[in-house]
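Below is one structure; the comments refer to it alone.
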Amino acid sequence: MIKINEKGSALVTLLVFSTIALVIVTTGVLITINSTADNVGYYTQSQMYAMLEGGAENAIMQIIRNHKYTGESLSIGGGTV
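As structure tokens, this is what we get:
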């Protein structure tokens, strides 16, 4: 009967499973970071749109009330329009 030398096979198996686990965890972290960045971008875009809409409404209202209205800086929601 021929003996097969299996020294170190447990270490190789552990290394393979550790690499697979690391890839899975890294993928999960990257997906989470990507999702969070998309949500922050959407919130900022929505907030900016609302500020611009408020500024435009204010300008239209001022022009209707006063035909000589030339414009102003308006602070809305932490920004200036």
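Just so we're aligned: the sequence shown equals residues 22 to 102 in my numbering. Glycine included, C-beta positions come from ideal geometry on N, C-alpha and C.
Using a threshold of 8 Å, state whether the C-beta atoms of residue i and residue j are closer than that.
{"i": "Gly100", "j": "Met72", "result": "yes"}
{"i": "Leu51", "j": "Gly76", "result": "no"}
For residue i, which option in the options has the closest C-alpha, if you only look at C-alpha atoms?
{"i": "Val102", "options": "Arg86, His88, Tyr70", "result": "Tyr70"}
For residue i, which three-state DSSP category applies?
{"i": "Gly99", "result": "coil"}
{"i": "Asn171", "result": "The first residue shown for the chain is 22 and the last is 102, placing residue 171 beyond what the model contains."}
Can you tell me the Cβ-Cβ gap for residue i and residue j, rounded? I've got them flagged as a contact below 8 Å.
{"i": "Ile84", "j": "Tyr90", "result": "5 Å"}
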